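*Asks:*
Protein chains in written order, with this note's numbering: chain L, 24 to 293; chain R, 1310 to 1678.
(1) Is it right to say residue 1406(R) is buried, meaning 16 or more other beta carbons lie within 10 angstroms of its own, or is it exposed?
(2) State whether the stretch 1476–1492 of chain R contacts the stretch 1427–1435 of chain R, with contact taken as three or more CB pairs (one from each stretch) at a distance under 8 Å.
(3) Which residues bound the beta strand (DSSP E) around residue 203(L)?
(4) Check whether the Cβ of residue 1519(R) lies closer than 8 Å to any Cβ atom in chain L.
(5) Ordered along the chain, which non-local residues of its own chain (more than five positions away) have a Cβ less than 7 Å from that of residue 1455(R)?
(6) Indicate whether at least one CB of chain R lies closer than 8 Å to the CB of residue 158(L).
(7) Would you give the residue range spanned by the alpha helix (DSSP H) that residue 143(L) belongs to?
(8) Report the residue from 1635(R), 1665(R), 1387(R) and 1530(R) whose alpha carbon sits nearest the alpha carbon of residue 1497(R).
(9) So is residue 1588(R) in contact with chain L if we call contact Cβ pairs under 8 Å?
(10) On the DSSP letters alone, give me the boundaries of the alpha helix (DSSP H) that residue 294(L) sits inside.
(11) For chain L, find out if any of its Cβ atoms is closer than 8 Å to the Cβ of residue 1510(R); answer yes or no.
(12) DSSP three-state call for residue 1321(R): helix, strand or coil?
(13) List the residues of chain R that residue 178(L) touches, going by C-beta distances under 7 Å, in chain order.
(14) At 9 Å on the CB atoms, spell out the chain R contacts of residue 114(L), in chain order.
(15) Spatial neighbours of residue 192(L) within its chain, please: C-beta separation below 6 Å, excluding the five flanking residues on both sides.
(16) Could you work out which residues of chain L lie near residue 1506(R), taking near to mean beta carbons separated by less than 9 Å?
(17) Relative to the alpha-carbon of residue 1459(R), which residue among 109(L), 172(L) and 176(L) has its alpha-carbon at the smallest distance?
(18) Short of 7 Å Cβ to Cβ, which residues in the stretch 1449–1480 of chain R face chain L?
(19) Less than 8 Å between the beta carbons of residue 294(L) and residue 153(L), yes or no?
(20) What does residue 1380(R) reach in chain L if we use C-beta pairs closer than 7 Å?
(21) Got a sec: which bits of the stretch 196–228 of chain L sit with their beta carbon under 8 Å from any beta carbon on chain R, in order along the chain?
(22) Out of curiosity, what's the CA-to-CA distance linking residue 1676(R) and residue 1414(R)?
(23) Among 1511(R), 1363(R) and 1423(R), which residue has its Cα nearest to the Cα of residue 1395(R)?
(24) Return the Cβ separation of residue 59(L) and residue 235(L) in integer angstroms, given the expectation that the two are a contact with Cβ distance under 8 Å.
(25) If we ignore side chains and look at the alpha-carbon of each, how far apart do residue 1371(R) and residue 82(L) end up?
(26) Evaluate residue 146(L) with the Cβ neighbour count: other Cβ atoms within 10 Å of its Cβ, from every protein chain shown; 16 or more gives buried, anything less gives exposed.
(27) To which residues of the same chain is residue 1583(R) closer than 6 Å at the C-beta, ignoring the five residues directly before and after it?
(28) Does any C-beta atom of chain R lie closer than 8 Å to the C-beta of residue 28(L)?
(29) If you check the beta carbons only, do residue 1429(R) and residue 1403(R) fall under 8 Å apart?
(30) Look at the alpha carbon of residue 1602(R) and the alpha carbon of residue 1475(R), and state the distance between them as a whole number of angstroms.
(31) So, for residue 1571(R): in the same chain, excluding its five sequence neighbours on each side, which residues have a beta-carbon less than 6 Å away from its beta-carbon?
(32) State the beta-bridge partners of residue 187(L) as determined by DSSP.
(33) Against chain R, does residue 271(L) count as a neighbour if the rule is that its beta carbon must be under 8 Å from one of theirs?
(34) Looking at residue 1368(R) and residue 1382(R), is the spacing between their C-beta atoms short of 8 Å?
(35) How many whole angstroms separate the CB atoms of residue 287(L) and residue 245(L), which I take to be in contact at a CB cut-off of 8 Å?
(36) With distances taken Cα to Cα, identify the nearest neighbour of residue 100(L) among 144(L), 121(L) and 62(L).
Right, here's the structure in full:
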């Protein structure tokens, strides 16, 4: 285990400079850049997601409402038709999408090299490098004290996805509420190994193209289906698992989460 | 109401320590921090922000410091701010509990005579308050090592519902609005805006100055004056080196590992390191604590079950309980525990008391203003 941790750190050390060199390349004035927006429309199956009021049913046939739905999107990479990728500089590539904060559901990426992009890849969660970074490099949504409870201060690490709600199937001792908090970036120092619930999602824009130009900004609209938290490879049952936090079972939910994103359309504004 | 009765021993303790200061302060040599004044660059027009660097002491008998000082260079102003925050009960919901409430200097920054941590509203935690010292040499914190950065450490007690029970943003807001803080933040960081990073780094800077390295044992190994050990203490040291340093290694007196030392599982059924790693092999394992100032940090073990050092040694002599994760060093040659005669036990206890660092315990630089 120590060896894996050491290798992990070495990888991190090797990737670190690479990322920073990307950073320095990015504001290069010789590359013409524009903007690209990504929107996350949270839904529950065929219905729009409505916190508190919407009533939904999972594959296990359990009825419930959702009261909170938050997730981190990070390490965004944009793909061109020739297979090359543009890696969004890490310092501007962490976003916390919160259903209760509509403004958080649109992400604007600046200084994107002009070009035609046909797909994207992103991480759901916060990578180990940033999770272990100096506290002053973790501001905004990464501030461990001020990010609306998306951090485990007792077991240092971000909560990647938080879904909470109410259901008659959840125990009365929990006031009929259920909690799914998924996190765990795989480790830490001194051989600390934990579950790794980091997942990535890779989406194609089908046959559409996001044309980034200095004068026009494409908006890539994505849909996030909260029901996929329940209905993935693992059929999550509220009655059987009404509270999953830092727990081996959470890896099943993490794999479900990886499947909750889909591409909808691209709109271009001038 | 309930707490009035339970606080008073602590208050008595503070009074005792305060009166000790009066005695000790006069003959105290300044050990730390060790300021290195920098001449402020002269620029015409306006005040220039210039904090005075502090060098964190690197004792000759310690390994190299682990904390990345370059990410948070300590300054006189930063340490002063950190100390003010450390002793400020404003950081708890009902403004009664400061960090220093549970981390008492006279008790090696542990909570004297409290087996389990004891916080807001008289509530109890599930573990014994660890003493604070030599934190720059640690990269993991708490009995289970859950926290992986000194800078993040204060988030946990501030937010814990049985410790300070504070919404962290409220803590920052209170500090921002308190008249004494803007100037302290400005002096330490060049800005009076309270941010998470500045708040936490200031507390780190203060904690980093809590270096304990002037016990009689330290003077003995560094061949300094005042380092004479008695025959019993020397015999205890020899026994300690023979039987205890597999875990309590180096002059930090811990190898920073997590081990099951064979304590019978208590009613709390604390699973220790397992809670953090979810690895079955980590069940019932707890961090090997340093033994520095161990005479002052009673009670002992993660749940404070032993009040006296003699009880701790008796546990290792005859109380070790076998279980799948019991540490291999405690089950050698077909028997559990550590063999030690009654005389040997007295000698080891005598040696452990040479690890008491009165200079540290009484250093006014570490005390509330």
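Using N, Cα and C, we set each Cβ at its ideal position, and we do this for glycine too. Since the structure is predicted, the reported quantities are computational estimates derived from the model, not experimental observations.
*Replies:* Per the coordinate set shown:
(1) Here residue 1406(R) corresponds to residue number 97 of the second chain, with the count starting at 1. Its Cβ being crowded by 16 or more others within 10 Å, residue 1406(R) is buried.
(2) no
(3) On the first chain, residue 203(L) is found 180 positions in, with the first residue counted as 1. DSSP places residue 203(L) inside the beta strand (DSSP E), whose first and last residues are 200–206.
(4) Numbered from its first residue, the second chain carries residue 1519(R) at position 210. Taking 8 Å as the CB threshold, residue 1519(R) stays off the interface with chain L.
(5) As a first step, residue 1455(R) is located in the second chain; it is residue number 146 there, counting from the start. Once the five neighbours on either side are set aside, the close Cβ partners of residue 1455(R) are 1585.
(6) Within the first chain, the letter at position 135 stands for residue 158(L). Judged by the 8 Å Cβ criterion, residue 158(L) is in contact with chain R.
(7) Counted from its first residue, the first chain places residue 143(L) at position 120. Unbroken run through residue 143(L) is the beta strand (DSSP E), 138–147; no alpha helix (DSSP H).
(8) Within the second chain, numbered from 1, the residue matching residue 1497(R) stands at position 188. Selection 1635(R), 1665(R), 1387(R) and 1530(R) evaluated against residue 1497(R) yields 1387(R) as nearest (Cα-Cα).
(9) Taking the second chain and counting its residues from 1, the one referred to as residue 1588(R) is at position 279. Residue 1588(R) counts as touching chain L.
(10) Residue 294(L) is absent from the model: chain L starts at 24 and stops at 293.
(11) By one-based count along the second chain, residue 1510(R) stands at place 201. Residue 1510(R) counts as touching chain L.
(12) Counted from its first residue, the second chain places residue 1321(R) at position 12. Legend: pLDDT at residue 1321(R) = 47, less than 50; position of this residue unreliable, no value from coordinates given.
(13) Taking the first chain and counting its residues from 1, one reaches residue 178(L) at position 155. Those are 1455 and 1585, listed as they occur along chain R.
(14) The residue you call residue 114(L) lines up with position 91 of the first chain. By Cβ distance, chain R contributes nothing, its closest Cβ being about 15 Å from residue 114(L), past 9 Å.
(15) Within the first chain, residue 192(L) is the residue found at index 169, counting from 1. Excluding positions up to five away in sequence, the list reads 85, 261 and 262.
(16) On the second chain, residue 1506(R) is found 197 positions in, with the first residue counted as 1. Result: 157, 158, 159, 160, 161, 162 and 166.
(17) Against the second chain, residue 1459(R) aligns to sequence position 150. Looking at the Cα atoms, 176(L) is the closest of the given residues.
(18) Hits within the stretch, in order: 1449, 1454, 1455, 1456, 1457, 1458, 1460, 1461, 1464, 1465, 1468, 1477 and 1478.
(19) An answer regarding residue 294(L) cannot be provided, because it is not within the stretch 24 to 293 covered by chain L.
(20) Along the second chain, one-based indexing puts residue 1380(R) at 71. Simply 157.
(21) Those residues of the stretch 196–228 of chain L that come within reach of chain R (Cβ to Cβ, closer than 8 Å) are 211, 212, 213, 215, 216, 217 and 218.
(22) Residue mapping note: residue 1676(R) aligns to position 367 of the second chain, counting from 1. Residue mapping note: residue 1414(R) aligns to position 105 of the second chain, counting from 1. Distance between the alpha carbons of residue 1676(R) and residue 1414(R) is about 7 Å.
(23) Taking the second chain and counting its residues from 1, one reaches residue 1395(R) at position 86. Closest option to residue 1395(R), Cα to Cα, is 1511(R).
(24) Working through the first chain from its first residue, we reach residue 59(L) at position 36. Working through the first chain from its first residue, we reach residue 235(L) at position 212. Yes, residue 59(L) and residue 235(L) are in contact; Cβ-Cβ is about 5 Å, under 8 Å.
(25) What you label residue 1371(R) is simply residue 62 of the second chain in a count that begins at 1. What you label residue 82(L) is simply residue 59 of the first chain in a count that begins at 1. Roughly 59 Å between the two C-alpha positions.
(26) Position 123 of the first chain, counted from the first residue, corresponds to residue 146(L). With 16 or more Cβ atoms within 10 Å of its Cβ, residue 146(L) is classed as buried.
(27) Residue numbering aside, residue 1583(R) sits at position 274 when the second chain is read from its first letter. Here the set comprises 1591 and 1592.
(28) Taking the first chain and counting its residues from 1, one reaches residue 28(L) at position 5. Note that residue 28(L) scores a pLDDT of 48, beneath 50, so its modelled location is shaky and nothing firm can be said.
(29) Sequence index remark: in the second chain, residue 1429(R) carries index 120 (1-based). Sequence index remark: in the second chain, residue 1403(R) carries index 94 (1-based). In contact: residue 1429(R) and residue 1403(R) (Cβ atoms closer than 8 Å).
(30) Locating residue 1602(R) in the second chain gives position 293, counting from the first residue. Locating residue 1475(R) in the second chain gives position 166, counting from the first residue. About 31 Å.
(31) Start at 1 with the first residue of the second chain, and residue 1571(R) comes out as number 262. Same-chain partners within the cutoff: 1629, 1630, 1635 and 1639.
(32) As a working note, residue 187(L) is residue 164 in the first chain. Secondary-structure assignment with DSSP links residue 187(L) through a beta bridge to 91(L) and 202(L).
(33) Position 248 of the first chain, counting from 1, holds the residue named residue 271(L). Chain R contact via Cβ: present.
(34) Position 73 of the second chain, counted from the start, is the residue given in the question as residue 1382(R). Position 59 of the second chain, counted from the start, is the residue given in the question as residue 1368(R). Not a contact, by the Cβ cut-off of 8 Å.
(35) Translated into positions along the first chain, residue 287(L) becomes position 264. Translated into positions along the first chain, residue 245(L) becomes position 222. 6 Å between Cβ atoms; contact.
(36) Translated into positions along the first chain, residue 100(L) becomes position 77. Per the Cα distances, 144(L).
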